[in-house]
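Reading through the structure tokens given below for one structure.
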Amino acid sequence: MGHGHAHGHHHHGHDHEHEAAPALPAAFDTSVPDEALTPEQASRRSLLRRAGLLGAGLAAGSVLAQAAPAAASSAAASSGAAASAGRRRDGFLWLAGDHHIHTQYSSDGKYRVVDQVRQGAKHGMDWLVITDHGSATHARIGVEKVNPDIRAARAAYEDTLVFQGLEWNIPAAEHGTVFVHPGRNEVAVLKQFETDYDGSVKNASDSTPANEALAVAGLSFLADQVRRRKVQDALMLANHPARRGVDSPHEIRAWRDATGPGRQIAVGFEGAPGHQAAGLPAPLGMARARGIYDNGPSANSFPGYPPESYRTWGGFDWMTATVGGLWDSLLAEGKPWWITANSDSHQVYADTAVRGPGGDFTTDGRYPDPVYGGKIDVTQGDYWPGQYSRTHVGADGFSYAAVMDGIRAGRVWVDHGQLVDAVDVRVTGGGRWATLGGALHVRKGTKVTLTVDVTPAGGPNWAGFVPALARVDVIQGEVTGPVADRDTFTAPTAKVVKAYDVSKATGVVRLTFDLGRVDKPVYLRLRGTDGNRSAVGALGAAVDPAGPALDVVGDADPWRDLWFYTNPVWVLPA
């Protein structure tokens with residue numbers, strides 16, 4: 039079956055547009071004194087210091103499928119001074135980011151690019167993707183017009199990696215983030231992609247076979263641009279996949295498999311959507327649903343999805359939150375498919391800015407710069423990048439390529455409300471080890487151990503309180519190979535195999551789970567919770583005795599229900 043052998047064999051693409059290995063951001067570099075930092079850098083350093091992530095200096099490692107620990111140690115020697123500073127754990131620099139952000143170049147946006155980047159830097163983001171909505175106007179002039187603003191923000195906030203992307207109206211489906219490595223062709227490639235493959239531009243939104251094929255063709259186009267070295271890299275992540283029920287299981291599999299044996303472009307979906315403040319009850323908030331997941335089936339929805347799939351569960355998408363559900367069905371095939379979390383920031387809760395007067399979006403491709411509106415607006419449902427949702431990527435350096443490589447490799451964990459400061463995952467056996475997104479290859483019968491180190495929140499989050507982790511769950515499923523029915527969205531072997539009560543723990547929590555002698559391929563993933571809201575999972579107590587509860591539309595305070603999730607790691611005996 040192959041069992042995901044590609045997990046470790048992602049190519050870095052160093053033969054494309056070369057980027058010099060940059061120094062660590064000033065906030066990470068302990069040789070830079072506090073007084074020399076900008077306010078945004080000082081804010082980020084305080085977050086790092088609070089989490090105990092300055093000067094960690096762990097040896098670098100590799101999760102290549104056949105890598106041995108001896109080979110891993112040589113990587114540490116080549117990483118130079120960077121290995122002794124910054125957020126290094128298991129050899130990776132863990133960079134927090136957000137891949138779903140809107141600006142005044144979106145028809146429903148408001149903020150300047152620099153506003154979102156400044157706020158992201160303030161809230162601890164190391165990388166950001168600007169993803170204005172695909173549309174006829176955006177394809178015609180928006181892609182070009184936003185680019186100088188993005189380049190100006192890169193120059194003004196050089197310690198924040200700012201990608202240009204767009205929110206793709208996926209033909210026959212929902213939305214997706216598409217972004218490319220910066221370079222001389224970033225505008226040209228995104229513009230051609232949007233013009234030729236956007237569902238809105240091409241009037242291809244209905245769930246038809248022809249439109250589904252157009253989506254796959256769009257991903258193949260991006261892969262071809264990478265092969266032809268027009269851009270160094272490109273990625274797609276599906277956004278809010280269960281919100282309207284139009285992302286069918288077979289479409290998700292088709293996106294994942296679109297580029298065949300070449301570089302994978304579609305690599306995952308939002309495990310948790312943005313718009314998390316939308317669930318705040320009136321009069322504090324807009325009294326809708328977390329993620330604005332308050333929809334129902336339509337003519338284009340996949341008929342197999344149950345009614346509860348249109349809601350969030352502990353702020354997470356049903357596809358991710360259901361143990362033994364759609365995400366697990368993808369992982370059980372032994373192929374990579376990752377989750378993220380982000381802000382989807384359009385209009386921020388409790389902000390005082392409004393769109394500036396005048397202008398015409400259709401003509402200008404943007405709204406006028408925001409101005410002071412004179413009141414606090416609690417009728418919006420978004421947070422700033424990093425204010426609530428974070429996607430943590432294990433990168434092998436501070437660069438655009440390293441972030442994209444880390445995402446493609448699945449070295450990713452996500453959290454809400456700064457529930458924890460760090461999650462380190464390692465499976466070991468037979469003298470080898472692997473971490474998130476990786477595959478541990480061992481002989482049949484090898485004893486395998488999962489070790490997890492969780493660093494609790496070291497200070498208050500952006501709501502002003504220190505979150506407390508109550509429980510960590512280990513979820514395990516068998517790798518059963520490709521499915522016969524590509525609309526499968528259950529994985530019968532996946533279940534919670536261990537729950538750790540950590541409510542009384544202090545300091546870094548080390549959890550150890552013994553898999554015993556492994557004789558069949560499995561994967562493991564983790565989640566943690568503050569314990570405020572739990573319920574029996576959708577597939578029953580034997581599968582998930584205390585999972586996230588269904589969020590209440592109109593009364594779902596996101597700060598009272600915090601979770602973290604990790605991506606999986608595989609164990610593949612042979």
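Just so you know, the sequence shown maps onto residues 39 to 612 in our numbering.
Don't be surprised by glycine CBs; every beta carbon is placed ideally from N, CA and C.
Remember, it's a predicted structure, so these values are computed and weren't measured experimentally.
Asked                                                                                                        : Found
Length of the line joining the Cα atoms of Ala121 and Asp128                                                 : Since pLDDT at Ala121 reaches only 30, below the 50 mark, its modelled position is unreliable, and no value is offered.
Beta-carbon proximity check, Ala370 vs Ala529, cutoff 8 Å                                                    : yes
8 Å Cβ cutoff met for Tyr387 and Tyr410                                                                      : no
Collapsed DSSP secondary structure at Ala447 in the structure displayed                                      : helix
Counted within 10 angstroms of its Cβ, other Cβ atoms place Met163 as buried (16 or more) or exposed         : buried
Endpoints, the beta strand (DSSP E) within which Ser427 is located                                           : Ser427 to Ala433
Supposed close pair Leu488, Val512 - CB separation, criterion 8 Å                                            : 7 Å
For Ser286: DSSP bridge partner residues                                                                     : In DSSP, Ser286 forms no bridge with anything.
C-alpha gap between Trp597 and Ala359, whole angstroms                                                       : 18 Å
Gln418, buried or exposed, once every other Cβ within 10 Å from all chains shown has been counted against 16 : buried
Per DSSP, the bridge partner or partners of Gln456                                                           : None, per the DSSP bridge assignment.
At least 3 beta-carbon pairs within less than 8 Å: the segment 339-353 vs the segment 496-504                : no
Beta-carbon proximity of Val458 to Thr493, cut-off 8 Å                                                       : yes
Cross-strand partners of Leu610 (DSSP beta bridge)                                                           : His479
Own chain residues within Cβ distance below 8 Å of Ala58, not counting five before or after                  : For Ala58, the pLDDT reaches just 47, beneath the cut-off of 50, and the residue's location in the model is therefore unreliable, although a value from the coordinates is still provided. No residues qualify anywhere along the chain.
Through-space distance from Val361 to Leu564, alpha-carbon basis                                             : 11 Å
Val317 - DSSP class collapsed to helix/strand/coil                                                           : Per the sequence presented here, residue 317 reads as Gly, with Val not at that position. Helix at Gly317.
Length of the line joining the Cα atoms of Phe340 and Arg555                                                 : 40 Å
Alpha-carbon spacing of Glu308 relative to Thr378, whole angstroms                                           : 5 Å
Inter-residue spacing [alpha-carbon to alpha-carbon] between Val461 and Gly448                               : 14 Å
Which listed residue (Ala310, Asn605 and Glu232) has its alpha carbon closest to that of Asp589              : Ala310
Contact set for Lys413: own chain, Cβ-Cβ below 8 Å, skip 5 residues either direction                         : Thr390
Given 8 Å, three or more beta-carbon pairs between the segment 255-273 and the segment 231-240               : yes
Three or more C-beta pairs below 8 Å linking the segment 157-174 and the segment 194-201                     : yes
Unbroken alpha helix (DSSP H) run spanning Tyr235, endpoints                                                 : Glu224 to Tyr235
CA-to-CA distance, Asn185 to His137, given in whole angstroms                                                : 16 Å
Three or more C-beta pairs below 8 Å linking the segment 280-288 and the segment 324-343                     : yes
Reduced DSSP category for Val216 - H, G, I as helix; E, B as strand; rest coil                               : strand
Candidates Val225, Arg464 and Val517, of which the one nearest Asp491 by Cα                                  : Arg464
Segment contact, 8 Å Cβ cut-off, at least three pairs: the segment 245-252 with the segment 267-282          : no
Asn241, buried or exposed, once every other Cβ within 10 Å from all chains shown has been counted against 16 : exposed
Distance, Ser69 Cα to Gly172 Cα                                                                              : 43 Å
Under the three-state DSSP convention, the category Met442 falls into                                        : helix
Alpha-carbon spacing of Ala115 relative to Gly545, whole angstroms                                           : Note that Ala115 scores 27 on pLDDT, short of 50, meaning its location in the model is unreliable; the coordinates nonetheless yield the value given after this. The straight-line gap from Cα to Cα measures roughly 30 Å.
6 Å CB neighbourhood of Tyr538 in its chain, flanking five on each side removed                              : Val510 and Leu549
Reference Arg524, options Asp295, Leu85 and Gly180, closest by Cα                                            : Asp295
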